[in-house]
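Peer 1: Could you have a look at this structure, given as structure tokens, before my questions?
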Amino acid sequence: MATASGRSEVDGLGELAGVRLPSLTGLRVLAALAVFLYHIAHQNIFAAESANAVFGALFDRAGGPGVSFFFLLSGFVLTWSARPGAPVPATWRRRIVKIFPNHVVTWALTIVVVLALGRAVPLVQAIPNLFLLQSWVPDPTVFFSVNRLSWSLSCELLFYLAFPFLLRGLLRVPTARLWGVAIGLMVAVLCMPFAAGLLGGPTMPVEPGESVPVLSLWLVYIAPPVRLLEFALGMVMARIVLSGRWIGLGWRPAAGLVVLGLALAQALPWLHAQVAATVVPLALVLPAVALLDVRGARSVVGGRAMVYFGDISFAFYLLGGQITFYLLMAFGKGHDVLSGLGVVLVCVTTTAVLAAVLHRYVEMPAMRRWSRSRRL
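Sequential numbering of the sequence shown, starting at 186, is according to our numbering.
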């Protein structure tokens, strides 16, 4: 049976599949800024402890939810735009070309800077990082090596390789059972900190006054198969909307739930705060915001400026940690409130400008050149 748009419904995704979602692109800006400000919050750049405390209360646990949002969004958007029946190698090609050029450039720049500072980069760290295998190794000297933010790309690589097969399985799930699958994935994510809490072994500090076992941190926050749960949840949420099973939750109450989740993250132990505290509200906000675009409603996050910065957010994310680290080395610490906020603004602006350059001269040309086969 064909829909009014001419698409066949046998693909199991419905006639909304492929509708542009600029508001979700705009939301990427908020997630990228959350991760960026999280890294600054842990540097204690202000002279007054009260200023560091306020800045920390706002952002020192924003990084985990920011990364979680990206993982959920990846599953949602890939499913939304999927073409069932597309050759698996073609799907892999598009996604690998999306992440590797920016990664290789930032990897090489980091290596050059580190060597220029007279430091060594062991091959046991550099090589797994280059090939995005570092997150499979439960050792922080490996999974946080070179450009430490690239650990998440190691997870994304697994997501992209698994996506064609996950999609086939998802399309076999009756629409009446989609919410059951979504709830099951949510429960699995919520249970992970409890399982990780049973692990022992060497610990590492994660916040002032709190350390966790390395294996626990790796299982909850780094391990690609565990983070695949969020990607799969994003996929299910997309199909829930596409099949007409959404519960009708509006974007305002969904955003309110995200705020509550972030507040809850501040009160929970570290292992529970990184993903579990916000995974449910983040999973709910994606459909709520996507439906704004489906209905043609205007939104602040769907405006031209937000969409542009959303487009460069991948480059911004990869550059942010390194630029912030080295700029803060140059500017030092112990700033008053106004000068400290000025330093933050300089870090954000510098990263945004360099991200725009990386997006224009590396990411986009690579996508145009290599994302599709040139064979006729």
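Backbone N, C-alpha and C define an ideal beta-carbon position, used for all residues, glycine too.
Ignoring anything shorter than 4 residues or poking outside the segment 257-307, list the alpha helix (DSSP H) runs there in chain order.
Peer 2: Qualifying alpha helix (DSSP H) stretches, in chain order: 273-301.
Peer 1: When DSSP labels each residue in this structure, what does Phe428 get in the three-state scheme?
Peer 2: Rather than Phe, the amino acid found at residue 428 in this sequence is Ser. In this structure, Ser428 counts as coil in the three-state DSSP scheme.
Peer 1: Please name the residue, chosen from Val239, Ala267, His227, that lies closest to Gly248 on a Cα-to-Cα basis.
Peer 2: Nearest option by C-alpha distance: His227.
Peer 1: Let's test the definition: count the other Cβ atoms within 10 Å of the Cβ of Gly211 and tell me whether it reaches 16, buried, or not, exposed.
Peer 2: By the neighbour-count rule (16 or more Cβ atoms within 10 Å), Gly211 is buried.
Peer 1: Is Val374 near Glu415, with beta carbons less than 8 Å apart?
Peer 2: The answer is yes: Cβ separation under 8 Å.
Peer 1: In chain order, what are the residue ranges of uninterrupted alpha helix (DSSP H) at least 4 long that sit wholly in the segment 434-519?
Peer 2: Whole alpha helix (DSSP H) segments, 4+ residues: 436-452, 455-458, 464-479, 489-496, 498-516.
Peer 1: How long is the line joining the alpha carbons of Val492 and Ala482, rounded to whole angstroms?
Peer 2: C-alpha separation (whole angstroms): 15 Å.
Peer 1: In whole angstroms, what is the alpha-carbon distance linking Pro438 and Thr463?
Peer 2: Straight-line Cα distance between these residues: approximately 14 Å.
Peer 1: Given a threshold of 16 other Cβ atoms within 10 Å of its Cβ, counted over all protein chains shown, does Met514 qualify as buried or as exposed?
Peer 2: Flag for Met514 reads exposed.
Peer 1: In three-state DSSP terms, what is Glu194?
Peer 2: Because Glu194 carries a pLDDT of 37, less than 50, the predicted location of this residue cannot be relied on, and the following value inherits that uncertainty. Helix, per DSSP.
Peer 1: Once you ignore the five residues that flank Ala551 on each side, which residues in its own chain have a CB closer than 7 Å to its CB?
Peer 2: Taken in chain order, the residues that qualify are Val282, Pro286.
Peer 1: Helix or strand or just coil, what does DSSP make of Val239?
Peer 2: Three-state DSSP puts Val239 in a helix.
Peer 1: Tell me, to the nearest whole angstrom, how far the beta carbon of Val391 is from that of Leu402; I am working on the premise that it is less than 8 Å.
Peer 2: Their Cβ separation, rounded to whole angstroms, is 7 Å, which keeps Val391 and Leu402 in contact under 8 Å.
Peer 1: With a threshold of 8 Å, are at least 3 pairs of Cβ atoms found where one atom belongs to the segment 307-320 and the other to the segment 257-277?
Peer 2: Because the criterion of three Cβ pairs below 8 Å is not met, the segment 307-320 and the segment 257-277 do not touch.
Peer 1: Within 10 angstroms of the Cβ of Val443, are there 16 or more other Cβ atoms? Answer buried if so, exposed if not.
Peer 2: It counts as buried.
Peer 1: Per DSSP, what are the beta-bridge partners of Thr388 in this structure?
Peer 2: Looking at the DSSP assignment, Thr388 forms a beta bridge with Pro398.
Peer 1: How should Val426 be labelled, buried or exposed, when 16 other C-beta atoms within 10 angstroms of its C-beta is the threshold for buried?
Peer 2: Burial call: buried.
Peer 1: Counting only the same chain and skipping the five closest in sequence on each side, list residues whose C-beta sits under 7 Å from that of Pro325.
Peer 2: If we look at Pro325 and ignore the five residues flanking it on each side, its Cβ neighbours are Met389, Val399.
Peer 1: Can you tell me whether DSSP reads Phe231 as helix, strand or coil?
Peer 2: Strand, per DSSP.
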